[in-house]
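Numbering (my numbering), first residue to last: 161 to 349.
All C-beta atoms in this analysis are idealised placements derived from N, C-alpha and C, irrespective of residue type, glycine included.
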């Protein structure tokens, strides 16, 4: 899922105190499958925020992702989803390596820049350098990995990219950035 505004999707609300809660098997409480239902449900799912980068023929590309998932420890592998309509998809569809960056709560603007269509994602104030395999590596993140792409699995209007970790650095400082209810935020104690 990528950052997107609320487009008038149905809102599922809690019953009033003391009122009976609808059960999962109550057909009156259920909504038919739709893109709006999926978006509404996942707005209630707090997710960590990552930026995926790659080297493209015309320069570096990247996007904000909340779909990052650990897949395997042996070998170390992860996955993420990307829309086939995303501006970075043509480069991601051909690249052998990607960068995966875990953002800190101090990087809300960086997350917004990589989520915004048409933004100059690698221009100032974005700080980055070329890493292993030519992958753009962002500065100041909580952690980063360079990964070798091993599969691109069709999934509706997206592809699930599966990648094996080549190297990385988990030593950044700070707390993670989260995406919840359509906006970026940090952890609360």
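Exposed unless 16 or more other CB atoms sit within 10 angstroms - verdict on residue i
{"i": "residue 305", "result": "buried"}
{"i": "residue 167", "result": "Low confidence applies here, because residue 167 scores a pLDDT of 31, under 50, leaving its location unreliable; read the following figure in that light. Counting Cβ neighbours within 10 Å, residue 167 comes out exposed, since fewer than 16 surround it."}
{"i": "residue 201", "result": "exposed"}
{"i": "residue 248", "result": "buried"}
{"i": "residue 296", "result": "buried"}
{"i": "residue 229", "result": "exposed"}
{"i": "residue 318", "result": "buried"}
{"i": "residue 215", "result": "buried"}
Segment limits, alpha helix (DSSP H) that includes residue i
{"i": "residue 201", "result": "195 to 203"}
{"i": "residue 250", "result": "249 to 252"}
N- and C-terminal bounds of the beta strand (DSSP E) containing residue i
{"i": "residue 290", "result": "288 to 290"}
{"i": "residue 344", "result": "343 to 346"}
Residue i, DSSP secondary structure in three states
{"i": "residue 266", "result": "helix"}
{"i": "residue 314", "result": "strand"}
{"i": "residue 274", "result": "helix"}
{"i": "residue 339", "result": "strand"}
{"i": "residue 293", "result": "helix"}
{"i": "residue 282", "result": "coil"}
{"i": "residue 322", "result": "strand"}
{"i": "residue 221", "result": "strand"}
Neighbourhood of residue i by C-beta, 7 Å cutoff - its chain only, sequence neighbours within 5 removed
{"i": "residue 209", "result": "224, 226, 263, 271, 337, 338, 339, 344"}
Cβ shell of residue i (< 8 Å), same chain only, five flanking positions each side left out
{"i": "residue 206", "result": "338, 339, 340"}
{"i": "residue 284", "result": "none"}
Beta-carbon proximity list for residue i, same chain, < 6 Å, skipping 5 on both sides
{"i": "residue 313", "result": "320"}
{"i": "residue 328", "result": "304, 305"}
{"i": "residue 330", "result": "303"}
Meets three-Cβ-pair contact criterion under 8 Å: the stretch 279 to 294 and the stretch 235 to 245 = no
Three or more beta-carbon pairs under 8 Å between the stretch 213 to 231 and the stretch 266 to 285, yes or no?
-> yes
Is the stretch 249 to 265 close to the stretch 194 to 204, with three or more CB pairs under 8 Å?
-> no
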